[in-house]
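J.: Quick one: structure below, then a few questions.
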Amino acid sequence: MMVNQLNYLKETASQTAGPYVHIGLAPHAAGFDIFENNFSNVLTTPATRGERIRIEGRVIDGSGTPLRDVLLEIWQANADGRYNHPADTQDKPLDDSFRGWGRACSDFESGLYTFETIKPGAVEGRHGRTMAPHINLWIVARGINIGLNTRIYFSDEAEANAKDPVLNLIEWEVRRKTLIAQREERDGEVVYRFDVRIQGNNETVFFDV
Amino acid sequence: MNRSSDQYGEFYQRDRSVHPPAYAPDYKTSILRSPKNALISLQNSLSEITGPVFRQDELGPLDNDLILNYAKDGLPIGERIIVHGFVRDENGRPVKNSLVEVWQANAGGRYRHKKDQYLAPIDPNFGGCGRVLTDDNGYYFFRTIKPGPYPWRNRVNDWRPAHIHFSLSGDGFAQRLITQMYFEGDPLIATCPIVRSINNEEAVRTLIAPLDRHAFVQLDSMAYRFDIVLRGRRATLFENRIQGAK
Ligand SMILES: [Fe+3]
Numbered sequence: 001m002m003v004n005q006l007n008y009l010k011e012t013a014s015q016t017a018g019p020y021v022h023i024g025l026a027p028h029a030a031g032f033d034i035f036e037n038n039f040s041n042v043l044t045t046p047a048t049r050g051e052r053i054r055i056e057g058r059v060i061d062g063s064g065t066p067l068r069d070v071l072l073e074i075w076q077a078n079a080d081g082r083y084n085h086p087a088d089t090q091d092k093p094l095d096d097s098f099r100g101w102g103r104a105c106s107d108f109e110s111g112l113y114t115f116e117t118i119k120p121g122a123v124e125g126r127h128g129r130t131m132a133p134h135i136n137l138w139i140v141a142r143g144i145n146i147g148l149n150t151r152i153y154f155s156d157e158a159e160a161n162a163k164d165p166v167l168n169l170i171e172w173e174v175r176r177k178t179l180i181a182q183r184e185e186r187d188g189e190v191v192y193r194f195d196v197r198i199q200g201n202n203e204t205v206f207f208d209v
Numbered sequence: 001m002n003r004s005s006d007q008y009g010e011f012y013q014r015d016r017s018v019h020p021p022a023y024a025p026d027y028k029t030s031i032l033r034s035p036k037n038a039l040i041s042l043q044n045s046l047s048e049i050t051g052p053v054f055r056q057d058e059l060g061p062l063d064n065d066l067i068l069n070y071a072k073d074g075l076p077i078g079e080r081i082i083v084h085g086f087v088r089d090e091n092g093r094p095v096k097n098s099l100v101e102v103w104q105a106n107a108g109g110r111y112r113h114k115k116d117q118y119l120a121p122i123d124p125n126f127g128g129c130g131r132v133l134t135d136d137n138g139y140y141f142f143r144t145i146k147p148g149p150y151p152w153r154n155r156v157n158d159w160r161p162a163h164i165h166f167s168l169s170g171d172g173f174a175q176r177l178i179t180q181m182y183f184e185g186d187p188l189i190a191t192c193p194i195v196r197s198i199n200n201e202e203a204v205r206t207l208i209a210p211l212d213r214h215a216f217v218q219l220d221s222m223a224y225r226f227d228i229v230l231r232g233r234r235a236t237l238f239e240n241r242i243q244g245a246k
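Protein chains in written order, with UniProt numbering: chain A, 1 to 209; chain B, 1 to 246.
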């Protein structure tokens with residue numbers, strides 16, 4: 001039967017970021033200086049409220065080898081659990097000194113990435129169920145055909161994590177652990193270790209958001 | 001329907017049939033870099049419907065002019081072109097203030113990157129990257145030189161068609177997208193394993209920018225038109241109102 005066609009457009013197809021993603025998104029990492037202002041893996045300024053943390057880890061392929069050419073972005077709420085975006089109308093303070101977004105490249109030798117940020121507060125989830133503090137992570141690289149979305153939760157939030165509506169969506173309890181960053185203290189600094197396993201044993205949970 | 005309340009609804013489910021699968025074995029690097037498990041489907045929360053907001057004052061005046069933004073003692077070698085288009089969402093609405101970042105090889109197919117070993121020379125006057133924010137109509141443009149094709153290690157004789165890499169950020173983090181733009185008429189498109197990782201002819205076609213004669217600058221530059229579609233948001237209507245969201 002003939003019906004009128006809906007005229008929604010189709011999303012543009014993704015393509016891999018390729019080996020030279022740094023040129024466009026982090027030219028210093030590619031080895032040259034071009035823009036006056038560069039986006040970085042440091043999300044804080046001295047004025048930012050909240051507990052300073054470093055997130056560090058590797059992204060590991062199906063052979064156990066760290067990716068040395070990966071690019072990661074994080075998006076997170078501020079220390080009070082509010083996103084710096086007009087859609088977030090929770091009754092919580094904004095922090096003008098915190099956009100909540102950063103971009104990092106892995107080291108070309110070690111594969112290690114780091115972010116300097118603050119620990120986010122809890123954010124209201126669907127149906128009024130609070131989500132445990134978490135950071136949204138997006139990963140692209142050569143060989144990754146469409147960006148991978150996951151979340152970083154915190155090992156010292158066991159109680160909140162146990163009630164988190166997103167962690168609880170993951171049917172296999174053993175796989176939830178792949179989203180928990182391990183807290184360490186090193187020379188007075190708080191470091192959360194978060195390795196991402198793209199494929200294989202203990203494969204990280206990725207989301208279709 | 002109240003437009004302000006529609007503005008930040010949740011995103012339509014992503015139509016994966018327009019995208020390449022994670023595992024595309026003819027593109028060999030994807031074999032070990034593709035998750036084996038199914039993605040876990042998430043209904044959107046504030047974490048997905050919000051995203052970073054960028055400001056014009058974060059960009060420099062030449063950031064979208066790749067002909068001049070790295071010129072040292074002359075102009076880059078190659079065909080001068082303009083690349084322009086609209087960023088819209090699946091509802092056809094303009095995506096304003098979208099951060100469009102691009103990178104590409106020079107006219108000889110060589111990247112300014114410490115890991116690129118191809119024997120074609122670096123162009124001393126060409127950096128190969130640029131960025132721009134879309135205006136209120138979702139429009140963007142930049143000026144550059146046409147990149148050359150280049151060989152790459154996949155099968156022994158694989159060559160990438162000429163292309164420009166695009167990174168897009170919309171107004172929600174779940175819209176984040178990286179893609180590549182190809183040029184009308186390039187015979188290498190048909191055999192490229194990266195292009196062919198997309199199993200959808202129509203989706204491939206939307207990555208090929210047609211020559212846009214109306215936008216040529218006479219006696220100066222040719223132009224290519226590349227329109228981009230990011231994910232659309234549903235109107236919040238009755239149910240599915242996200243807690244904490246406008
Ligand atoms: Fe390329």
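Glycine included, every Cβ here is placed at the ideal spot set by N, Cα and C.
Only counting the same chain, and skipping five residues up and downstream in sequence, which positions put a Cβ closer than 6 Å to that of residue 198(B)?
T.: Counting from one through the second sequence, the residue named residue 198(B) turns up at place 198. So the qualifying residues of the chain are 20 and 204.
J.: Touch check for the region 143 to 154 of chain B and the region 52 to 70 of chain B: three-plus C-beta pairs under 8 Å?
T.: The region 143 to 154 of chain B is in contact with the region 52 to 70 of chain B.
J.: Can you pull the chain A neighbours of residue 21(B), defined as C-beta to C-beta under 9 Å?
T.: Sequence index remark: in the second sequence, residue 21(B) carries index 21 (1-based). By Cβ distance, chain A contributes 145 and 146.
J.: Counting only Cβ pairs nearer than 8 Å, list the residues of chain A close to residue 207(B).
T.: Walking along the second sequence from the start, residue 207(B) turns up at place 207. In chain order: 12, 13 and 15.
J.: Going by the C-beta, is residue 64(A) closer than 7 Å to any heavy atom of ligand 1?
T.: For the purposes of this step, residue 64(A) is taken as residue 64 along the first sequence, with counting starting at 1. It does not: the Cβ of residue 64(A) is nowhere closer than 7 Å to a heavy atom of ligand 1.
J.: Where does residue 130(A) fall in DSSP's three states?
T.: In the first sequence, counting from the first residue as 1, residue 130(A) sits at position 130. Reduced to three states, the DSSP call for residue 130(A) is strand.
J.: Kindly say whether residue 132(A), judged by its beta-carbon, lies nearer than 8 Å to any beta-carbon of chain B.
T.: As a first step, residue 132(A) is located in the first sequence; it is residue number 132 there, counting from the start. It does not; no Cβ of chain B falls within 8 Å.
J.: Per the contact definition of three or more C-beta pairs closer than 8 Å, is the region 82 to 91 of chain B in contact with the region 117 to 126 of chain A?
T.: These segments do not touch.
J.: By the DSSP assignment, the alpha helix (DSSP H) with residue 46(B) in it spans what residues?
T.: What you label residue 46(B) is simply residue 46 of the second sequence in a count that begins at 1. From DSSP, the alpha helix (DSSP H) with residue 46(B) extends over 46 to 49.
J.: Looking only at C-alpha atoms, which of 201(B), 120(B), 227(B) and 172(B) sits nearest to residue 211(B)?
T.: Working through the second sequence from its first residue, we reach residue 211(B) at position 211. Selected option, being the one with the closest Cα: 227(B).
J.: Provide the residue(s) that pair with residue 122(A) in DSSP beta bridges, ordered along the chain.
T.: Counting from one through the first sequence, the residue named residue 122(A) turns up at place 122. Answer is none; residue 122(A) lacks a bridge partner.
J.: Quick one: which residues of the region 19 to 31 of chain A get their C-beta closer than 8 Å to a C-beta of chain B? List them in chain order.
T.: Going along the region 19 to 31 of chain A in chain order, one finds 19, 20, 21, 22, 23, 24, 25, 27, 30 and 31 with a Cβ nearer than 8 Å to chain B.
J.: Pick helix, strand or coil for residue 18(B), following the three-state DSSP scheme.
T.: Within the second sequence, numbered from 1, the residue matching residue 18(B) stands at position 18. If DSSP states are grouped into helix, strand and coil, residue 18(B) belongs with the helices.
J.: Do residue 110(B) and residue 94(B) have their beta-carbon atoms positioned less than 8 Å apart in this structure?
T.: Residue numbering aside, residue 94(B) sits at position 94 when the second sequence is read from its first letter. Residue numbering aside, residue 110(B) sits at position 110 when the second sequence is read from its first letter. Result no, Cβ atoms of residue 94(B) and residue 110(B) do not sit closer than 8 Å.
J.: Distance, Cα to Cα, residue 187(A) vs residue 193(A)?
T.: As a working note, residue 187(A) is residue 187 in the first sequence. As a working note, residue 193(A) is residue 193 in the first sequence. Using only the alpha carbons, I get a separation of about 15 Å.
J.: May I ask you to check if the CB of residue 20(A) is nearer than 7 Å to at least one heavy atom of ligand 1?
T.: Here the question's residue 20(A) lines up with position 20 in the first sequence. Because some heavy atom of ligand 1 lies under 7 Å away, the Cβ of residue 20(A) counts as near it: yes.
J.: Can you tell me which of the three DSSP states residue 25(A) falls into?
T.: Reading the first sequence from its first residue, position 25 is the one you call residue 25(A). In the structure shown, residue 25(A) sits in a helix (DSSP, three-state: H, G or I).
J.: Find the nearest neighbour of residue 160(A) within the set 6(A), 141(A), 133(A) and 2(A), judged by alpha-carbon distance.
T.: Along the first sequence, read from residue 1 onward, the residue named residue 160(A) stands at position 160. Per the Cα distances, 133(A).
J.: How would you label residue 33(A), buried or exposed, when you count the other beta carbons within 10 angstroms and need 16 or more for buried?
T.: Within the first sequence, the letter at position 33 stands for residue 33(A). So residue 33(A) ends up on the exposed side.
J.: What are the complete alpha helix (DSSP H) segments, minimum 4 residues, inside the region 120 to 156 of chain B?
T.: Runs of the alpha helix (DSSP H) inside the region 120 to 156 of chain B: none found.
J.: Does the beta carbon of residue 160(B) fall short of 7 Å from some heavy atom of ligand 3?
T.: By its list of ligands, the structure shown excludes ligand 3, since it contains just ligand 1.
J.: For chain B, check one thing: does any of its Cβ atoms lie closer than 8 Å to the Cβ of residue 192(A)?
T.: As a first step, residue 192(A) must be located in the first sequence, where it is residue number 192. It does not; no Cβ of chain B falls within 8 Å.
J.: Is there contact here, the region 29 to 44 of chain A with the region 164 to 176 of chain A, by at least three beta-carbon pairs under 8 Å?
T.: In short, these stretches do not touch, since the Cβ pair count stays below three.
J.: Using Cβ-Cβ distances below 9 Å, what residues of the region 73 to 88 of chain A are close to chain B?
T.: Result list: 73, 75, 76, 77, 82, 83, 84, 85, 86, 87 and 88.
J.: Answer yes or no: do residue 175(B) and residue 207(B) have a C-beta to C-beta separation smaller than 8 Å?
T.: The sequence position of residue 175(B) within the second sequence is 175, counting from 1. The sequence position of residue 207(B) within the second sequence is 207, counting from 1. It is not a contact, given that the beta carbons lie outside the stated cut-off.
J.: When you check each C-beta in the region 39 to 62 of chain A against every C-beta of chain D, which residues fall closer than 7 Å?
T.: No chain D appears in this structure, whose protein chains are A and B.
J.: Buried or exposed: where does residue 128(A) fall if 16 or more other Cβ atoms within 10 Å of its Cβ makes it buried?
T.: Along the first sequence, read from residue 1 onward, the residue named residue 128(A) stands at position 128. Exposed, because fewer than 16 other Cβ atoms sit within 10 Å of the Cβ of residue 128(A).
J.: Taking any Cβ of chain B, which residues in the region 159 to 193 of chain A have a Cβ under 7 Å from it, in chain order?
T.: So the close ones are 166, 169 and 170.
J.: Once DSSP output is grouped into helix, strand and coil, what is the label at residue 209(B)?
T.: Here the question's residue 209(B) lines up with position 209 in the second sequence. In this structure, residue 209(B) counts as strand in the three-state DSSP scheme.
J.: With three or more beta-carbon pairs closer than 8 Å as the criterion, would you say the region 197 to 208 of chain A touches the region 36 to 48 of chain B?
T.: As far as the Cβ criterion goes, the region 197 to 208 of chain A touches the region 36 to 48 of chain B, which means the pair count is three or higher.
J.: Do the region 55 to 69 of chain A and the region 90 to 98 of chain A touch if we need at least three Cβ pairs shorter than 8 Å?
T.: No, the region 55 to 69 of chain A does not touch the region 90 to 98 of chain A.
J.: Rounded to whole angstroms, what's the CA-CA distance from residue 104(B) to residue 126(B)? Just pull it up for me.
T.: Residue mapping note: residue 104(B) aligns to position 104 of the second sequence, counting from 1. Residue mapping note: residue 126(B) aligns to position 126 of the second sequence, counting from 1. Those two C-alpha atoms are separated by around 10 Å.
J.: Between which two residues does the alpha helix (DSSP H) containing residue 173(A) stretch?
T.: Within the first sequence, residue 173(A) is the residue found at index 173, counting from 1. Segment 173 to 176, the alpha helix (DSSP H) holding residue 173(A).
J.: May I have the straight-line CA-CA distance separating residue 107(B) from residue 66(A), to the nearest angstrom?
T.: Position 107 of the second sequence, counting from 1, holds the residue named residue 107(B). Position 66 of the first sequence, counting from 1, holds the residue named residue 66(A). Whole-angstrom Cα-Cα distance: 33 Å.
J.: At what residue ranges does the region 179 to 225 of chain B contain a whole run of the alpha helix (DSSP H), taking only runs of 4 or more?
T.: Segments of the alpha helix (DSSP H) lying fully in the region 179 to 225 of chain B: 201 to 205.
J.: Grouping DSSP H, G and I as helix and E and B as strand, with all else coil, what is residue 227(B)?
T.: Taking the first residue of the second sequence as 1, we reach residue 227(B) at position 227. It is coil, neither helix nor strand.
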